[in-house]
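What follows is a single structure, written as structure tokens, with notes after it.
Residue numbers (my numbering): 604 to 779.
The following block contains the structure:
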């Protein structure tokens with residue numbers, strides 16, 4: 604589904620305070636709808652598809668935003684078509700935004716230049732082309748959203764940089 608289509612189907616959040624329990628990690632993620640705009644992030648490394656979906660459901664995620672440059676995965680259940688079907692079967696919308704992924708030409712330098720360089724270059728791209736971030740903000744303003752990539756640890760993944768940009772614009776970030 605295209606970004607504009609997602610915006611049309613997403614409904615606005617409630618005004619009441621809610622608590623989401625993540626039984627897989629034993630955490631409670633408190634937030635206030637409309638007062639504190641929350642965006643979750645998640646990585647699927649070391650998770651199977653059932654646990655992954657359950658984490659999203661427990662936290663009442665309405666839309667998963669896949670920010671991998673390439674939506675294919677060797678891990679069963681996590682290629683974009685299969686993942687989209689699985690999520691939609693439980694009422695979670697799926698949106699793949701490849702432009703928020705790390706481009707192949709940057710990743711090609713990872714072994715020689717390292718992650719610090721890679722993440723700095725990615726951040727430069729986000730700062731230069733803000734169009735996709737603006738579109739992303741429209742989506743996350745409409746419902747409980749979660750940014751997804753592969754790495755389990757957010758600090759080892761570019762999604763933490765994308766999330767930081769959202770945080771700088773007033774969103775609360777919670778990593779699942």
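Don't be surprised by glycine CBs; every beta carbon is placed ideally from N, CA and C.
Cut-off 6 Å between Cβ atoms - residues of its own chain near residue 769, not counting five sequence neighbours on either side: The residue given as residue 769 occupies position 166 in the chain shown. Closer than 6 Å at the Cβ level, and outside the excluded window around residue 769, lie 642.
Can you check the segment 632-689 for any alpha helix (DSSP H) of at least 4 residues that lies completely inside it and give the ranges in chain order? 652-661
Residues bridged to residue 778 (per DSSP): Position 175 of the chain shown, counted from the start, is the residue given in the question as residue 778. Answer is 644.
Return the first residue and the last residue of the alpha helix (DSSP H) that residue 696 is part of. As a first step, residue 696 is located in the chain shown; it is residue number 93 there, counting from the start. Following the DSSP letters along the chain, one finds residue 696 in no alpha helix (DSSP H) but inside the beta strand (DSSP E) bounded by residues 696-699.
Could you spell out where the alpha helix (DSSP H) holding residue 713 opens and where it closes? For the purposes of this step, residue 713 is taken as residue 110 along the chain shown, with counting starting at 1. Start and end: 713-731.
Who are the Cβ neighbours of residue 720 in its own chain at under 6 Å, not counting the five residues just before and after it? Working through the chain shown from its first residue, we reach residue 720 at position 117. Here the set comprises nothing.
Ends of the alpha helix (DSSP H) at residue 750? Locating residue 750 in the chain shown gives position 147, where the first residue counts as 1. Careful: residue 750 lies outside any alpha helix (DSSP H), inside the beta strand (DSSP E) at 748-752.
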